[in-house]
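Its first residue numbered 1, the first sequence is counted upward by one per residue in full-length UniProt numbering.
Data first, discussion second: the structure below is written as structure tokens.
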Amino acid sequence: MPVSATNWADEVDGEDQPQTFTDANGITTIIEYRTNDDGKKVKVTRRTQKKLIHDVVNKAVAARKKWPKFGKEKGNKPGPDPATTNVGDNIKLKLSSTGQVVQEVDEQHEAMKAQLQNKKILCRICKGDHFTTKCPYKDSLGMEDAAAPASAPAEDAAPAAEQQTGSKYIAPHMRAGASSDSKAGSGSGDREKRDEQPTLRVTNLSEDATEADVSELFKRFGHISRVFLARDRETGFCKGFAFVSFTMREDAQRAQEAIDGRGYDNLILRVEWAKSSA
DNA sequence: GATGAGCGC
């Protein structure tokens with residue numbers, strides 16, 4: 001195969017002077033031929049750091065900033081709007097002289113974050129004071145149409161419930177429709193009572209799922225009266241399915257629709273209405 | 001793929 005004279009990589013012979021080449025990205029390559037201890041001629045290739053790649057990316061980012069905004073952002077000025085945009089940490093890693101990896105936080109982004117700190121942050125999933133994208137429930141429950149519970153507020157919010165409704169707080173066991181054995185997981189029950197509650201059967205749970213996992217997953221839809229996780233009698237591992245009873249049929253209904261087909265622990269959960277066993 | 005526990009005073 002003929003070798004192109006312009007292909008510097010193949011120009012090996014008779015060049016004792018260092019050669020330098022700069023490519024389109026501004027990366028400079030230096031080639032020199034040295035004589036080593038054994039008297040042999042060796043080729044030494046060095047390149048300047050690829051720092052210009054970084055600049056190229058930033059140029060593209062800068063260009064994008066000038067694009068007209070569209071959708072709900074239409075007509076807004078360039079740059080992120082704190083109401084809709086989460087400015088994350090831009091962390092660079094660099095090697096220190098001791099070989100340890102050192103974290104460097106980009107100062108520009110720190111400044112940006114500080115600027116946005118005064119703004120209110122409200123998670124659309126759980127109403128916590130973090131961004132929706134940072135919600136701890138995002139992976140398991142991160143559904144866009146996160147339906148707020150109609151009959152029960154989220155997250156052990158007894159005092160909050162009082163504030164929200166403006167009426168007197170009613171303890172769960174005193175509420176209409178609450179069962180006498182309202183302790184979730186107590187499994188105390190006579191079957192008749194159990195079977196008249198709106199109960200879901202959850203299948204395809206992983207074997208290390210616990211009652212707590214299941215109730216965490218479902219409690220945001222409303223008050224749960226009972227969680228039963230089928231465990232292997234000997235090993236104690238989850239047998240892959242569980243029953244979740246709600247106080248309110250509507251809550252169970254919404255939970256069924258919302259969680260059925262959702263991923264949890266790398267598995268796709270199935271949620272159906274339970275049939276009474278007999 | 002699956003339908004919940006224990007049985008004694």
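C-beta atoms are modelled at their ideal positions from N, C-alpha and C, and glycine is treated no differently.
Using a Cβ-Cβ cutoff of less than 6 Å, which residues in the same chain neighbour residue 209 once the five nearest sequence positions on both sides are dropped?
Excluding sequence neighbours, residue 209 sits near 238.
Is the beta carbon of residue 243 closer than 8 Å to that of residue 274?
Remark: C-beta atoms of residue 274 and residue 243 approach each other more closely than 8 Å.
Three-state secondary structure (DSSP) of residue 77:
If DSSP states are grouped into helix, strand and coil, residue 77 belongs with coil.
Cutting at 6 Å between CB atoms, please list the residues of its own chain near residue 137, excluding the five before and the five after it.
Excluding positions up to five away in sequence, the list reads 125, 126.
Reduced DSSP secondary structure (H/G/I, E/B, other) of residue 185
Residue confidence is low: residue 185 scores 39 on pLDDT, short of 50, so the model does not pin down where it sits. Its coordinate-derived value is still stated next. Here DSSP, grouped into helix, strand and coil, assigns residue 185 to coil.
Give the DSSP bridge partners of residue 67, in chain order.
DSSP output for residue 67 lists no bridge partner at all.
For residue 233, name the three-state secondary structure that DSSP assigns.
Note: residue 233 maps to coil in three-state DSSP.
CB residue 307 to CB residue 69, shorter than 8 Å?
Lying outside 1 to 278, the shown extent of the chain, residue 307 is not represented and no answer is given.
Taking the DSSP output, what are the residues bridged to residue 272?
Per DSSP, 201.
In this structure, how does DSSP classify residue 284 when only helix, strand and coil are distinguished?
The question about residue 284 has no answer here: the residues shown for the chain are numbered 1 through 278.
Extent of the continuous beta strand (DSSP E) to which residue 242 belongs:
Unbroken beta strand (DSSP E) run through residue 242: 238-246.
Buried or exposed: residue 251, going by 16 or more other Cβ atoms within 10 Å of its Cβ?
It is buried - the Cβ of residue 251 has at least 16 other Cβ atoms within 10 Å.
Buried versus exposed, by CB contacts within 10 Å (16 or more), residue 284:
Nothing can be reported for residue 284, as the shown portion of the chain is limited to 1 through 278.
Counted within 10 angstroms of its Cβ, other Cβ atoms place residue 31 as buried (16 or more) or exposed
When all chains shown are included, residue 31 counts as buried.
Where residue 124 falls: helix, strand or coil (DSSP):
In the three-state reduction of the DSSP assignment, residue 124 falls in the coil class, being assigned neither a helical nor a strand state.
Which whole-angstrom value is the C-beta distance of residue 267 and residue 215, which I expect to be below 8 Å?
Contact between residue 267 and residue 215 is ruled out by a C-beta separation of about 18 Å, above the 8 Å threshold.
State yes or no: is the C-beta of residue 203 within less than 8 Å of the C-beta of residue 241?
The answer is yes: Cβ separation under 8 Å.
Excluding five sequence neighbours on each side, which residues of the same chain lie with their C-beta closer than 6 Å to the C-beta of residue 135?
Taken in chain order, the residues that qualify are 123, 125, 126.
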